[in-house]
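Numbering-wise, this note's numbering comes out as the position in the sequence shown, counting from 1, plus 28. All residues carry an ideal CB built from backbone N, CA and C; glycine is no exception.
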Amino acid sequence: MLFGWDTGLIGGVLSMTAFQKSFNLGNSKSAAYANLSGNIVSVLQAGCFFGAMSSFYLSDKLGRKRALILADIIFLIGSVIQTTCGINTTSLGQLYAGRVIGGFGVGLISAVVPTYIGENANKEIRGRCIGTMQLFNVTGIMLSYFVNYGVNLNIPGDSAKKWRIPFALQMLPGVLLLVGIVFQNESPRWLVEKNRHAEARSALARVRSKSWEDPSVVQELDEIIEDFMGHEKMSLKAQLKAACESKRMFYQCSMAVILMFWQQWTGTNSINYYSPQIFASIGLKGTSAGLFATGIYGVVKVVLTSLGLMFMTEQ
Numbered sequence: 029m030l031f032g033w034d035t036g037l038i039g040g041v042l043s044m045t046a047f048q049k050s051f052n053l054g055n056s057k058s059a060a061y062a063n064l065s066g067n068i069v070s071v072l073q074a075g076c077f078f079g080a081m082s083s084f085y086l087s088d089k090l091g092r093k094r095a096l097i098l099a100d101i102i103f104l105i106g107s108v109i110q111t112t113c114g115i116n117t118t119s120l121g122q123l124y125a126g127r128v129i130g131g132f133g134v135g136l137i138s139a140v141v142p143t144y145i146g147e148n149a150n151k152e153i154r155g156r157c158i159g160t161m162q163l164f165n166v167t168g169i170m171l172s173y174f175v176n177y178g179v180n181l182n183i184p185g186d187s188a189k190k191w192r193i194p195f196a197l198q199m200l201p202g203v204l205l206l207v208g209i210v211f212q213n214e215s216p217r218w219l220v221e222k223n224r225h226a227e228a229r230s231a232l233a234r235v236r237s238k239s240w241e242d243p244s245v246v247q248e249l250d251e252i253i254e255d256f257m258g259h260e261k262m263s264l265k266a267q268l269k270a271a272c273e274s275k276r277m278f279y280q281c282s283m284a285v286i287l288m289f290w291q292q293w294t295g296t297n298s299i300n301y302y303s304p305q306i307f308a309s310i311g312l313k314g315t316s317a318g319l320f321a322t323g324i325y326g327v328v329k330v331v332l333t334s335l336g337l338m339f340m341t342e343q
């Protein structure tokens, strides 16, 4: 939800005259403003890139749970920086810094969460559990759209509260994640990788709601250990080769990569970021009308993602 909220709020904020006046951005239809808007949007992606890249090291070194806690704290710091920008200054430097820092946290979370879910969930529901990540993502987008619409509609004039409130409210899912993850167990697989088998057995029993002596828990732990030992002896090149040995395995691996590649090329993220401006360009007059249409677009995303989870995930 953090990524979705960060993605959805910025387009609405950029379209608000209150934001433009707070930073003396001038004509919102000028080429200079368009370039500036692109910079404000893209610095988040830059932070996400480095956050995702760091996940290889941090999630292995710290563990999935502590990596998520660290990422969430970084995100909250970035959110505070964004919320407090523009005080006694019209410089965008603080906003850029907050977007990069927050983006780093979001990128790290986005990379670690699927791994954490996959290593904890039963195989019978693993796909659906990982799929809920996208559901929460689009839910965050939708909520941020309606927050933008609500503050623009109910706060009069060009008060800075109009754009500060959306930035501040993005901390809410961050706080909920931080509180929730503290009470969760570490990934059993990561514990096995660190040769902490007793802790792995305890974590596995907890997440399966069974006794640590239950035969199914013992069997699953043995399977995790066996799988890890097999991969530990293989080089990265050998693992990649194994992934392509059979047609079925190659199809499964390549299809996931191809789908994500083309999903990005559809331009969906551009629509997510700039939907208020897009709706304005096709004839919806007024900031509130554009923000409301954007909210409806968010509802459609949530409904269709929910249908996908219901009918396609475990097939």
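Given 8 Å, three or more beta-carbon pairs between the segment 323 to 331 and the segment 152 to 162: no
Simplified DSSP assignment, three categories, for T111: The residue labelled residue 111 in the question sits at position 83 within the sequence shown. In this structure, T111 counts as helix in the three-state DSSP scheme.
Separation of A228 from M29, as counted between CA atoms: Reading the sequence shown from its first residue, position 1 is the one you call residue 29. Reading the sequence shown from its first residue, position 200 is the one you call residue 228. Their backbone Cα atoms lie some 28 Å apart in a straight line.
Segment limits, alpha helix (DSSP H) that includes L30: Looking up residue 30 in the sequence shown gives position 2. In this chain, the alpha helix (DSSP H) harbouring L30 covers L30 to S43.
Own chain partners of A231 with C-beta closer than 7 Å, once the 5 adjacent residues on each side are dropped: Translated into the one-based positions of the sequence shown, residue 231 becomes position 203. Excluding residues within five positions, the ones whose Cβ falls inside 7 Å are N213, E214, P216 and L219.
Straight-line Cα distance separating R236 from D34: Position 6 of the sequence shown, counted from the start, is the residue given in the question as residue 34. Position 208 of the sequence shown, counted from the start, is the residue given in the question as residue 236. If I take the Cα positions, the gap works out to 33 Å.
Whole beta strand (DSSP E) elements within the segment 148 to 207, 3-residue minimum: Assignment of beta strand (DSSP E) within the segment 148 to 207, counting only whole runs of 3 or more residues, yields no such run.
Under 9 Å between C-beta atoms of V108 and M199: Within the sequence shown, residue 108 is the residue found at index 80, counting from 1. Within the sequence shown, residue 199 is the residue found at index 171, counting from 1. Going by C-beta atoms, V108 is nearer than 9 Å to M199.
Alpha-carbon to alpha-carbon, T294 and V304: Here residue 304 refers to the residue found at position 276 when the sequence shown is read from its first residue. Here residue 294 refers to the residue found at position 266 when the sequence shown is read from its first residue. Residue identity check: residue 304 is Pro in the sequence provided, not Val. In a straight line, the C-alpha of P304 is about 18 Å away from that of T294.
Test item: CB-CB of G75 and I169 under 9 Å: For this step, residue 75 is matched to residue 47 along the sequence shown. For this step, residue 169 is matched to residue 141 along the sequence shown. In this structure, I169 does not lie closer than 9 Å to G75 by Cβ.
Cβ separation of G130 and L72, assumed to be a contact under 8 Å, to the nearest whole Å: Indexing the sequence shown from 1 puts residue 130 at position 102. Indexing the sequence shown from 1 puts residue 72 at position 44. Their Cβ separation, rounded to whole angstroms, is 7 Å, which keeps G130 and L72 in contact under 8 Å.
Nearest-angstrom beta carbon gap, S316 and Y177 [assumed within contact, 8 Å]: Residue 177 sits at position 149 when you count from the first residue of the sequence shown. Residue 316 sits at position 288 when you count from the first residue of the sequence shown. With a Cβ gap of about 7 Å, Y177 and S316 count as contacting.
Outcome for R276 when other beta-carbon atoms lying within 10 angstroms are tallied against a minimum of 16: Indexing the sequence shown from 1 puts residue 276 at position 248. The residue is exposed, with fewer than 16 neighbouring Cβ atoms inside 10 Å.
Euclidean distance between Cα positions of D186 and Y124: Numbered from 1 along the sequence shown, position 158 holds the residue referred to as residue 186. Numbered from 1 along the sequence shown, position 96 holds the residue referred to as residue 124. Computed Cα separation, rounded: 22 Å.
Rounded Cβ spacing between Q110 and F195 (contact assumed at less than 8 Å): Sequence index remark: in the sequence shown, residue 110 carries index 82 (1-based). Sequence index remark: in the sequence shown, residue 195 carries index 167 (1-based). Their Cβ separation, rounded to whole angstroms, is 5 Å, which keeps Q110 and F195 in contact under 8 Å.
Assigned secondary structure, W240 (DSSP; H/G/I helix, E/B strand, else coil): One-based indexing of the sequence shown puts residue 240 at position 212. If DSSP states are grouped into helix, strand and coil, W240 belongs with coil.
Where A321 falls, given that 16 or more other Cβ within 10 Å makes a residue buried: The residue labelled residue 321 in the question sits at position 293 within the sequence shown. With 16 or more other Cβ atoms within 10 Å, it is buried.
Environment of Q280 [buried if 16+ CB atoms lie within 10 Å]: Within the sequence shown, numbered from 1, the residue matching residue 280 stands at position 252. So Q280 ends up on the exposed side.
Alpha-carbon to alpha-carbon, T167 and S83: On the sequence shown, residue 83 is found 55 positions in, with the first residue counted as 1. On the sequence shown, residue 167 is found 139 positions in, with the first residue counted as 1. Computed Cα separation, rounded: 24 Å.
Complete runs of the alpha helix (DSSP H) confined to the segment 223 to 310 [at least 4 residues]: 225 to 236, 243 to 260, 264 to 271, 275 to 293 and 296 to 309
Chain-order list of residues whose beta-carbon lies under 8 Å from that of V41 (same chain, five-residue window excluded): Taking the sequence shown and counting its residues from 1, the one referred to as residue 41 is at position 13. Taking C-beta separations shorter than 8 Å and ignoring five residues to either side along the sequence, the partners of V41 in its chain run F47, N176, W191, P194 and F195, following chain order.
Limits of the unbroken alpha helix (DSSP H) element including L219: Here residue 219 refers to the residue found at position 191 when the sequence shown is read from its first residue. Residues P216 to E221.
The ligand GTP heavy atom lying under 8 Å from the CB of S239: As for the ligand GTP, it is missing from this structure, which has no ligand bound.
Sequence-distant residues of its chain with Cβ nearer than 6 Å to K189 (five each side left out): In the sequence shown, residue 189 corresponds to position 161, counting from 1. The answer, listed in chain order, is I183.
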